[in-house]
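> Please read through the structure below; I'll follow up with questions.
Number of protein chains: 2
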Amino acid sequence: MSFADASAVFGGPGRWKGEVPEGWDIFGVTNGGFLMGMATRAMAQEAVGRQLISATGSYLNPLSKGPVAIEVEVLKSGRSLSTLRATMSGDGRSLLSVTGVYAEPDRPRPDGDLVRAKPPDLPPPDECIRAMPSETAPLPPPFTGKVEVRLHPDEAALLTGAPGEDAVMRGWFRLLDGEEMDANAVVLATDALPPAIFNSPYPAGWTPTVDLTVQVRDPAPRGWLSCLFTTRFVTGGMLEEDGEIWDEDGGLVALSRQLALVAR
Amino acid sequence: MSFADASAVFGGPGRWKGEVPEGWDIFGVTNGGFLMGMATRAMAQEAVGRQLISATGSYLNPLSKGPVAIEVEVLKSGRSLSTLRATMSGDGRSLLSVTGVYAEPDRPRPDGDLVRAKPPDLPPPDECIRAMPSETAPLPPPFTGKVEVRLHPDEAALLTGAPGEDAVMRGWFRLLDGEEMDANAVVLATDALPPAIFNSPYPAGWTPTVDLTVQVRDPAPRGWLSCLFTTRFVTGGMLEEDGEIWDEDGGLVALSRQLALVAR
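If you read the sequences in order, they're chains S and X.
Just so you know, we're using the working numbering here: the first sequence kicks off at -4 and counts up by one.
Just so you know, we're using the working numbering here: the second sequence kicks off at -4 and counts up by one.
Here it is as C-alpha cells:
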C-alpha cells in the first residue's frame, strides 16, 4: 500500500476520517511523521490549491493503528497565506494537534536565495545500509519496511551496535516503488530516520516526540532525499532534533525541529 | 511598566483578557514575542504549577495595541506533561494561535547533559551597542525602549548602516530595571533582537513572522542573556531564523526557530 493510500483521508470539510494501517509503527506506536502527514493531507483539502509551507504538531496520545478522525478549522484565509488547525483523535482519545500554513503557489517572491549549508556527505544509496524490520527484535521497527531509508554506514549504530559520539544521523529517504512525494511525504521524511541520539553514548531507548515543526521549502521533490539530523542539546531530560532535507540536485527541501523526551 | 504588568492577563479559566500597552510595537505592529508571551502567560495559569517547556505560535493578523482576549483550551493533562492551546483575538480579528507544553517541575530526569555548542562570542554588555528607539526614523522601533538589547558591535547594522555577509545577529538581552525573567520573558527574548537577515546583503525590510517555536530549557534565568540568531536558508521568499539563548554561566536557556517572509 502506498503512503498516499495509507494516509488517505475522506469526508470533509470540517471533519475527515482516515485509517492508520498496520505496520507504520515503532514499538506499537504509529510514527509521528505519518500521523502529522495525514493531518496536513486533511488540511490541504481545505486550503484550496495552496501549498504547505509550515506545520507544527503537538503529540497528545499514542495510537497503534485503526480509524482516526481529523477536525479541521480554518483560522485564517488571507491573500497569499492560509492557516489551518487540525485535531486528530482515535481510539477515544486526542492524538495530535497540528497547525499548518499553506501558501499560494504563484505568490510573488523576491529574487535571490541565500543558502549557507550543503547537503550532508553521504555515500550513494547502494553503499548505505538499508534499515529493514527485524523479525526477531523490536528494532529496527516495522515502520522501516514501509519506506526506504538508507543510513550512512558510520551512523547505522541501531543496526551495528556501535554508536558514535556526536548524535548525528545521516541517510537517504524515499517512498517505496517510486511513489512520488508531496508535502505530506516530506513531513513523513522528517521523522523517518532513527533518532540522532541513538548514535551517541546515550542509551538508545524510547524518545517520545513532544512536538515537531517542519518548514517545507519544496512541496514536490524528486528522487532520493538526503537527510541530516542532529541533536546538540540534551538538558533537563529534553532534547531537540534538527533536520535538514535536500534533493539530489542540492536544493533545500525541508527544515525540521522536534522536541523529544530523553529515554530513562 | 514592567513586562509582567504589560503582558498581564485577567479572568479565566477558559477565557482571559489583557491589554497590549502602547510602545511594544515595530512599525505599529506589536512584537510577536510579546503577544506569544502573553498567550503563554494565560496558558500557564491553567497548567497548575507546571512549567513551559515548548511553545509554538502561528501569527494570523497584526495588532498595534489595545485589548485582547485569549481563549485557552486544555488539550491534555497527563502525568507529567500538559498541552494547552490558546487563541488570541483583538480588534475584531484572530491574532495568534499558540500551543504550549507544560511539564512538572520535579519530573524525573536522566543524569547527564549533552551540550555541543557554546554561548556566542560577545563583548561585555557595556561594550555592545544599545538599541534605542529613534526619535526621527522608524528604526530602531519603539519596542527597543521596552527591553534592554545590546548588539554585538559588528552586527549593529541596523544602527550603523553597514551590514555584514552572514545573516548573524548576536546580542545581550534583559528586562528593564532588573525585572526577573520567567518563561514568558524567555519567549519574548527569542523575538527581541533585530532580524538576523538585516545583517546581510538582503535589503532590510518588513519580515513578518509566520510562526515561532520556542523550547524553554530554563524557565527562570538570571542576569543577562546572550543571544545568537542565524538565518541560513532564504529560499522561495521564506527564511528561517534559529535562536540560541544562554545565561551568564553558559547554561542553555532556550532554542527558537521562526519562519518569516522575506522583505520584497
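Idealized CB from N, CA, C, for every residue including glycine.
Since we're looking at a predicted model, the values are computed, not measured.
1. Give the C-beta separation of X:VAL96 and S:ASP206 to the nearest angstrom, bearing in mind that I take them to be a contact with Cβ-Cβ under 8 Å.
2. Is there a C-beta anywhere in chain X that falls below 9 Å from the one on S:ALA39?
3. Quick one: give me the first and last residue of the beta strand (DSSP E) that X:ALA50 is part of.
4. Cα separation between X:VAL209 and X:VAL181?
5. Assuming S:LEU47 and X:LEU55 form a contact by the criterion Cβ under 8 Å, report the distance between their Cβ atoms to the nearest whole angstrom.
6. If you reduce the DSSP assignment to three classes, tell me which class S:GLY13 lands in.
7. What residue from S:THR35, S:PRO135 and S:MET233 has the CA that sits closest to S:ILE124's CA?
8. Rounded to a whole number of angstroms, what is the C-alpha to C-alpha distance between X:LEU171 and X:GLU143?
9. Can S:LEU109 and S:VAL63 be called in contact, C-beta distance under 9 Å?
10. What is the DSSP secondary structure of S:MET(-4), reduced to helix, strand or coil?
11. How many angstroms separate the CA atom of X:GLY27 from the CA atom of X:TRP19?
12. Helix or strand or just coil, what does DSSP make of X:THR35?
13. Could you spell out the range, first to last residue, of the alpha helix (DSSP H) harbouring S:VAL181?
14. For X:ARG169, write down the residues that DSSP places opposite it in a beta bridge.
15. Give me the residue from S:PHE224, S:ALA258, S:GLU130 and S:SER195 with the minimum Cα distance to S:PRO115.
16. For S:ALA258, decide whether its Cβ has a neighbour in chain X, counting only Cβ atoms nearer than 9 Å.
17. What residues in the region 104 to 115 of chain S bring their beta carbon closer than 7 Å to a beta carbon of chain X?
18. What span of residues does the beta strand (DSSP E) with X:ILE65 cover, start to end?
19. Is the beta carbon of S:SER2 closer than 9 Å to that of S:GLY13?
20. Closest by CA to X:LEU183, which one among X:VAL211, X:GLY156 and X:VAL163?
21. Could you check whether S:THR51 and S:VAL93 sit closer than 9 Å to each other, using their CB atoms as the reference points?
22. Could you run through the region 193 to 206 of chain X and flag, in chain order, every residue whose CB is less than 9 Å away from some CB of chain S?
23. Note the first and the last residue of the continuous beta strand (DSSP E) segment covering X:GLY85.
24. To the nearest angstrom, how far is it from the Cα of S:LEU188 to the Cα of S:ALA249?
25. Measuring straight from C-alpha to C-alpha, what distance separates S:ASP0 and X:GLY87?
26. Which same chain residues end up closer than 6 Å to S:SER263 when comparing Cβ atoms and leaving out the 5 residues on each side of it in sequence?
27. Mapping DSSP to helix, strand and coil, what is S:ASP149?
28. If we define contact as Cβ-Cβ less than 9 Å, is S:ASP242 a contact residue for chain X?
29. Could you name the residues of the same chain whose beta carbon sits closer than 7 Å to that of S:SER310, not counting the 5 residues immediately before and after it, in chain order?
30. With DSSP as the reference, please indicate the residues paired to S:GLN210 in a beta bridge.
31. Give the residues of chain X in contact with S:ILE223, contact being defined as C-beta atoms less than 7 Å apart.
If we stick to the structure as given:
1. 7 Å
2. Between S:ALA39 and chain X, the shortest Cβ-Cβ separation is not below 9 Å.
3. 46 to 54
4. 9 Å
5. About 17 Å; that fails the 8 Å criterion.
6. strand
7. The option with the nearest alpha carbon to S:ILE124 is S:PRO135.
8. 6 Å
9. No; because the gap between Cβ atoms is not below 9 Å, this pair is not in contact.
10. Coil at S:MET(-4), not helix or strand.
11. 10 Å
12. Correct three-state label for X:THR35: helix.
13. In the DSSP assignment, S:VAL181 falls within the alpha helix (DSSP H) that extends over 178 to 184.
14. X:GLU143
15. S:PHE224
16. yes
17. ARG104, PRO105, ASP108, LEU109, VAL110, ARG111 and ALA112
18. Per DSSP, X:ILE65 belongs to the beta strand (DSSP E) from 61 to 72.
19. yes
20. Of X:VAL211, X:GLY156 and X:VAL163, the residue nearest in Cα terms is X:VAL211.
21. yes
22. For the region 193 to 206 of chain X, which is checked against every Cβ of chain S, the residues closer than 9 Å are SER195, PRO196, TYR197, PRO198, VAL205 and ASP206.
23. 76 to 85
24. 15 Å
25. 41 Å
26. Nothing about residue 263 of chain S can be read from this structure; chain S reaches only from -4 to 259.
27. In the three-state reduction of the DSSP assignment, S:ASP149 falls in the helix class.
28. By this cut-off, S:ASP242 is not an interface position.
29. What is shown of chain S runs -4 to 259, which leaves residue 310 of chain S out entirely.
30. S:SER49 and S:LEU250
31. Position check: residue 223 of chain S holds Leu in this sequence, whereas Ile was assumed. Within chain X, no residue comes near S:LEU223; the closest Cβ sits about 13 Å away, beyond 7 Å.
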